[in-house]
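Asker: Protein chains in written order, with numbering that gives the first Met the number 0: chain V, 0 to 361; chain B, 0 to 363; chain C, 0 to 306.
In this text, a Cβ means the ideal position worked out from N, Cα and C, and glycines have one as well.
Small disclaimer: the values here were computed from a predicted structure and weren't measured.
One structure follows; several queries about it will come next.
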Amino acid sequence: MKLIRKTIKHLAAATIATAMIAGAASAADKLKIGFVYPSPVGDVGWAYQLDEGRKKLEAMFGDQIETVVVENVPEGPDAARIMNQMASTGAGMIMIGSFGYMNDGLKLASQKPDINFIHASGYKTAANFGNFQTRNYESAYVAGMAAGYASESNTLGVVAAYAIPEVVGIINTFTLGAQKTNPDITVKVVWLNSWFNPSKAQESAKSLIAQSADVIFSLYQDTPSVVSVAEEEGVYVVNTSSDMKKYAPTKLLASMTIDWGPHFVTQVKAALDGTFEGTAYWGGMADDAVGLASLSDDLSAEQKADIQSVMDEIAAGSFHPMTGPIIAQDGSEKIAAGESIDDGAMRGIDWLVAGVETKLPN
Amino acid sequence: MRNIYLEPRTERSAFAPFLVSMLAVCLTIIAGSGLFLIYGKSPIAGFHAIFIEPLQSSYGIGEILLKLGPFLLIAQGLAIGFRARVWNIGAEGQLIIGAILASVVAIRFDGSTSSLLLPGMVLAGALGGMGWAGIAAWLRTRYNANEILVTFMLSSIALQILYYLVTGPLRDPQGFNFPQSITFSAAATFPILIENTRVNASLIIALVVTVLAWVFMQRSLMGYKLVVGGLAPHAARYAGFGEKRAIWLALLIGGAAAGIAGVGEVAGPLGMLQRTVSPGYGFSAIIVAFLGGLHPIGIVFSSLLMALIHVGGDFARLSVGLPSAVTDIFQGLLLTFYLASSLLLTHRLRLRKPDAVLTAEAAE
Amino acid sequence: MTATIIFILAGTLAATVPLLLAAMGELVAEKSGMLNLGVEGMMAVGAAAGFVTVAVTGSHALGLIVGGVAALLLSGVFATLSIVFLANQVAAGLAIGILGLGVSAGIGKNYEGTTVTPMPKLSFGALGDVPVIGPALFSHDIMVYLAIAAAFAVWFVLQRTKLGLIIRAVGESPQSAHSLGYPVALIRTACVLFGGAMAGIGGAYLSIAYTPLWADGMVAGRGWIVVALVVFGTWIVPRVTLGAYLFGAISLLELSIQGLGLNVPSQLLSASPYIVTIIVLVVISRNPVLIQLNSPMSLGQTYRPNG
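Have a look at this one:
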């Protein structure tokens, strides 16, 4: 007993000593990374997905980095304070997870050239300020294929927040994918005009179901409200960001997932190596940044294989979901046969494809 | 308990309001300690983060001064009305309308480098706030509609107007449909007062308004009449100052101050019009006004305290890991304890003398 | 089209429950002269407490009870401040409102974004199979019907019982009520607590039945609509009830209008409850007889027993 105690004591002393040496060493080169999320991390959704990326960093870099998180930071005058405080408490890198943080983040980046910033979903960059987005329109295309297979009423319903280009692009490829497997598909959209309103999202889903939609697409809804309503009402559902199988165990058709891990890892590696550059990252299937999860077993093996082969083509770069001929809502041909949209046009897209019944809000 | 009773005070000591506020702060700190323990955090670390940390850096102090502006402006305006017993609880809406009108000016004259642009925005904001509060004054004086309810409803309407404008007419055409306006040019934003902070010239307006409020309330006949008019309409009419005039004056002053605070946000830290123009300044300022004893000097201290709690609350999120709800809870506790404590302003606690003594005294 | 009509009818019945319950509570409190502006906070606390209860125990009845009790406690703070400590009701209401929002976020912290099974629907047998009427009126959980029963009960108590007479007397003039020998403070406290409990149950319904999940801020302004609603209904139970269904239908109406492709700004619809309430308030206030008939004359005034 005594011996054990003694050994523990020695071991403890030794550990503390090494820890102190290591601590002294690592405090200098340990990269402190701050994460700012617009909403609580929760169980699923946007902030949860960003935090999964953070966890991957911790697993990958271990002692080399230290992460701090502040969640639920509203876009507004107070976000700058959180970032600034991170900067002044030794953060060498800051991940800002919402569009509305862009201007404050950029301002801080110009004041603190030593700190590297990566910004979710913006469009401005600087030498030490990069942004990142995912090509969710790629996974939306294949999710649309699944929806086209599953729909019997030939009507799909989308619950969407604002008509920003990213959302418009996703609705377009979702529609094109569905039309590929079911040419008679039409798509109805409800615009929530709000980033967060679970009750209204749920009411919207019900109204779409009442308008005979039998596959509902929960587009950028942070809560599982739409997904669980679909399960309750017995219609299929597709959603973005996280795998939401547990909220609709029988009716989830597919979840369009996002994986920030690969991008975060390369950015942190660059920051550690001193080679960070503020770039605009737009990760797709080729980068393993987007994909499908929990593809429903109600689809036949053939249908699944078909979806998989399109995913392979997209990942290989041999197929772009926005490849002509594409007709817009107003009947005009926007993209000629054989051509596909370029990244610049896709980033600013402001028209919907034929087959979407709802107009863009003006 | 039986032996303690409340006796209405016949006169107030000059320090009573200050002592009552201090009592409320002490009670909040005690209750706050319990809150920290519930969250599994050390109260000392929590209070250090909220009350000390922001004061340790020039940036932190700058942030407090940044928050001080809107609290000071709105609360001074509201307090004048409250002392006249005109309950304008819609400062949030008046702030929003002020911010919108100032933004309209900034967007309309985008690219202008005129030094008149910013004063024009301040004027537009003040008029906007006055106009929005003026609706309540008009409905009250003309139709007798309760101003508490009207100012409150107008706040909710103002928010929807803001949402409509940033998703439509005032949206940045090059902004990818995100619900926000263009970024204002340098001429349309307040200059920074202290380098490396966000403290801007709108603070000067707030300080000037504070001095004006002090002069008006403590030194002017009109201010005196306003207060008397609110407290006792009949006495006021006798003094030649009608109830209607008091209502108009109280609401217009409060509205103008809140409107200017709105300009301070869009032409200050935000630099644009967006969905979140204010993190609830209009409502927090009501707390500030009460906590300051509705007195211009008291409000300076209560605004500082409230700014510290807001900035400190944000600091505590990073350094101690406290959730954002803590700031709300602290504000609520502070007002709750202040309202409870302020009974001591009008009443004093007395120990009831035992019956034996009373009979003895009576016998003498 | 039929499906859309059913959606609006059925949806309105359910969407109205939180509004109607909380409005009945606020109505009773205001009838006694107590203007409690903290409804939003009380509903939020009820929603958070109710949700956590259901998440832990699985019992929806218990969730409603705990939600009601949690908000009742919060309204107790309001009653203590404004009745015992003679505080200004506007300030006290705002205090518990902001306190409630903070506390609700604290209660729900570890449940953010999680769901519970919604309250079970009642079965009406053959009635449920009647076309249109069945799915519209007989496809709901018990609270949809209990809320209507609660409104009726409140009407009955206020208009047809001695207790109701006393409550109204206290609201008209606490001084006279006091001189008639009624316990003014007790009556007002009880009415405020009733208001708190009803707001809490309404909030809990929101998080365990209407949108069975917890997300910080999910009450989303309903508490403010409730305050408007009581004024809109000019403190008269049947009118407030009607108003609740009207306001409850508004968000569903917006979705249907979007579906029809009409271009009405959603913000106009969201603002409409407040706009019509101001109009109603002006109409009743301009006429001294009308305002005396309808609104509790001592509303918002502190009652000082000795002064």
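(1) Tell me which residues of the region 245-258 of chain C have at least one Cβ-Cβ distance to chain V shorter than 7 Å, keeping chain order.
(2) Checking 9 Å against the spacing of the C-beta atoms, do PHE177(B) and TYR136(V) come in under that value?
(3) What residues are listed by DSSP as bridge partners for LEU212(C)?
(4) Determine, using beta carbons only, whether GLN266(C) and ILE160(B) come nearer to each other than 9 Å.
(5) Name, please, each residue of chain C whose Cβ falls closer than 8 Å to the Cβ of THR222(V).
(6) When Cβ atoms are compared, which residues of the region 303-322 of chain B fall closer than 9 Å to chain V?
(7) When the distance is taken between beta carbons, is ALA132(B) closer than 9 Å to VAL262(B)?
(8) Interface residues of chain B around ALA73(V) at Cβ under 9 Å?
(9) Nearest by alpha-carbon distance to ILE377(V): which of VAL141(V), ALA314(V) and ILE340(V) is it?
(10) Got a sec? Which residues, its chain only, sit under 7 Å from GLY316(V) by beta carbon, not counting five neighbours each side?
(11) Contact between the region 178-197 of chain V and the region 341-354 of chain V: three or more CB pairs below 8 Å?
(12) Does the region 199-207 of chain B touch the region 57-74 of chain B, meaning 3 or more C-beta pairs lie closer than 8 Å?
(13) Can you tell me whether THR52(C) is buried or exposed? The criterion is at least 16 other CB atoms within 10 Å of its CB, across all chains shown.
(14) Please list, in chain order, the chain V residues whose beta carbon lies closer than 7 Å to that of ALA219(C).
(15) Name the residues in the region 257-288 of chain C whose C-beta lies less than 7 Å from a C-beta of chain V; which are they?
(16) For LEU131(C), count the other beta carbons within 10 Å of its own beta carbon; 16 or more makes it buried, fewer makes it exposed. Which is it?
(17) So, is SER175(C) buried or exposed, given that buried needs 16 or more other C-beta atoms within 10 angstroms?
(18) Are there 16 or more other CB atoms within 10 angstroms of the CB of ILE278(C), so buried, or fewer, so exposed?
(19) Given a cut-off of 9 Å on the beta-carbon distance, is the pair PHE246(C) and ALA219(C) in contact?
(20) Check this for me: beta carbons of GLY170(C) and PRO295(C), under 9 Å apart or not?
(21) Can you tell me which of the three DSSP states GLU356(V) falls into?
(22) Could you name the residues of the same chain whose beta carbon sits closer than 8 Å to that of VAL299(B), not counting the 5 residues immediately before and after it, in chain order?
(23) Tell me whether the beta-carbon of TYR47(V) lies closer than 9 Å to the beta-carbon of SER241(V).
(24) CB-CB under 6 Å to SER103(C), same chain, minus the five flanking residues each way: which ones, in chain order?
(25) What does the alpha-carbon distance come out to for the pair ALA44(B) and TYR110(C)?
(26) Report the start-end ranges of each alpha helix (DSSP H) in the region 249-326 of chain B that is 4 residues or longer and not cut off at the edges.
(27) Only counting the same chain, and skipping five residues up and downstream in sequence, which positions put a Cβ closer than 6 Å to that of PRO197(V)?
(28) Would you list, in sequence order, the uninterrupted alpha helix (DSSP H) runs of no fewer than 4 residues that lie entirely inside the region 41-69 of chain B?
(29) Buried or exposed: THR11(C), going by 16 or more other Cβ atoms within 10 Å of its Cβ?
(30) Helix, strand or coil for HIS118(V)? Go by DSSP, reduced to three states.
(31) Please state the DSSP three-state secondary structure of GLU74(V).
(32) GLY10(C) touches chain A at which residues, Cβ-Cβ below 7 Å?
(33) Could you say if the region 29-41 of chain B and the region 225-236 of chain V meet the contact criterion of at least three C-beta pairs nearer than 8 Å?
(34) Going along the chain, which residues of its own chain have a beta-carbon closer than 6 Å to the beta-carbon of GLY89(B), five neighbours each way excluded?
(35) Excluding sequence positions up to five away, which residues of its chain have a Cβ less than 8 Å from the Cβ of TRP190(V)?
(36) Keeping to the same chain, check which residues put their C-beta closer than 8 Å to that of GLY75(V); ignore five residues upstream and five downstream.
Answerer: Looking at the coordinates:
(1) SER250, LEU251, LEU254, SER255, GLN257 and GLY258
(2) Along the second sequence, read from residue 1 onward, the residue named residue 177(B) stands at position 178. Along the first sequence, read from residue 1 onward, the residue named residue 136(V) stands at position 137. No, the Cβ-Cβ distance between PHE177(B) and TYR136(V) is not below 9 Å.
(3) Here residue 212(C) is taken as the residue at index 213 of the third sequence, counted from 1. Answer is THR114(C).
(4) For the purposes of this step, residue 266(C) is identified with residue 267 of the third sequence, where counting begins at 1. For the purposes of this step, residue 160(B) is identified with residue 161 of the second sequence, where counting begins at 1. It is a contact, given that the beta carbons lie within the stated cut-off.
(5) Taking the first residue of the first sequence as position 1, residue 222(V) is located at position 223. The contacting residues are GLY112, LEU212 and ALA214.
(6) HIS309, VAL310, ASP313, PHE314, ARG316, LEU317, SER318, GLY320 and PRO322
(7) On the second sequence, position 263 is the one that residue 262(B) refers to. On the second sequence, position 133 is the one that residue 132(B) refers to. Going by C-beta atoms, VAL262(B) is not nearer than 9 Å to ALA132(B).
(8) In the first sequence, residue 73(V) corresponds to position 74, counting from 1. The residue asked about is misnamed: residue 73(V) is Pro in this sequence, not Ala. Residues of chain B passing the Cβ test: THR275, PRO278 and SER323.
(9) The displayed coordinates of chain V run from 0 to 361. Any statement about residue 377(V) would go beyond what the structure contains.
(10) For this step, residue 316(V) is matched to residue 317 along the first sequence. If we look at GLY316(V) and ignore the five residues flanking it on each side, its Cβ neighbours are ALA285.
(11) yes
(12) yes
(13) Position 53 of the third sequence, counted from the start, is the residue given in the question as residue 52(C). THR52(C) comes out buried.
(14) Reading the third sequence from its first residue, position 220 is the one you call residue 219(C). Here the neighbours are ASN196 and SER198.
(15) GLN257, GLY258, GLY260 and SER265
(16) Within the third sequence, residue 131(C) is the residue found at index 132, counting from 1. Note that residue 131(C) corresponds to Val in the displayed sequence, not to Leu. Its Cβ having fewer than 16 others within 10 Å, VAL131(C) is exposed.
(17) Taking the first residue of the third sequence as position 1, residue 175(C) is located at position 176. SER175(C) comes out exposed.
(18) For the purposes of this step, residue 278(C) is taken as residue 279 along the third sequence, with counting starting at 1. Exposed: under 16 other Cβ atoms inside 10 Å.
(19) Sequence index remark: in the third sequence, residue 246(C) carries index 247 (1-based). Sequence index remark: in the third sequence, residue 219(C) carries index 220 (1-based). No; because the gap between Cβ atoms is not below 9 Å, this pair is not in contact.
(20) As a first step, residue 170(C) is located in the third sequence; it is residue number 171 there, counting from the start. As a first step, residue 295(C) is located in the third sequence; it is residue number 296 there, counting from the start. Yes, the Cβ-Cβ distance between GLY170(C) and PRO295(C) is below 9 Å.
(21) What you label residue 356(V) is simply residue 357 of the first sequence in a count that begins at 1. Coil.
(22) Position 300 of the second sequence, counting from 1, holds the residue named residue 299(B). Within the same chain, VAL299(B) has close Cβ partners LEU71, THR209 and GLY291.
(23) Counted from its first residue, the first sequence places residue 47(V) at position 48. Counted from its first residue, the first sequence places residue 241(V) at position 242. Yes; because the gap between Cβ atoms is below 9 Å, this pair is in contact.
(24) As a first step, residue 103(C) is located in the third sequence; it is residue number 104 there, counting from the start. Result list for SER103(C): ALA43, VAL44 and ALA47, in chain order.
(25) In the second sequence, residue 44(B) corresponds to position 45, counting from 1. In the third sequence, residue 110(C) corresponds to position 111, counting from 1. Cα to Cα, the separation comes out at about 26 Å.
(26) 280-290 and 295-318
(27) Taking the first sequence and counting its residues from 1, one reaches residue 197(V) at position 198. Excluding sequence neighbours, PRO197(V) sits near THR222 and SER224.
(28) 42-46
(29) The sequence position of residue 11(C) within the third sequence is 12, counting from 1. Result: buried.
(30) Residue numbering aside, residue 118(V) sits at position 119 when the first sequence is read from its first letter. The answer is strand: DSSP assigns HIS118(V) an E or B state.
(31) Numbered from its first residue, the first sequence carries residue 74(V) at position 75. Note: GLU74(V) maps to coil in three-state DSSP.
(32) Of the protein chains in the structure, V, B and C, none is chain A.
(33) no
(34) One-based indexing of the second sequence puts residue 89(B) at position 90. Closer than 6 Å at the Cβ level, and outside the excluded window around GLY89(B), lie THR150, PHE151, LEU153 and SER154.
(35) By one-based count along the first sequence, residue 190(V) stands at place 191. Result list for TRP190(V): ALA159, ALA160, TYR161, ALA162, THR357 and PRO360, in chain order.
(36) The residue given as residue 75(V) occupies position 76 in the first sequence. Cβ neighbours of GLY75(V) beyond the five flanking positions: GLY99.
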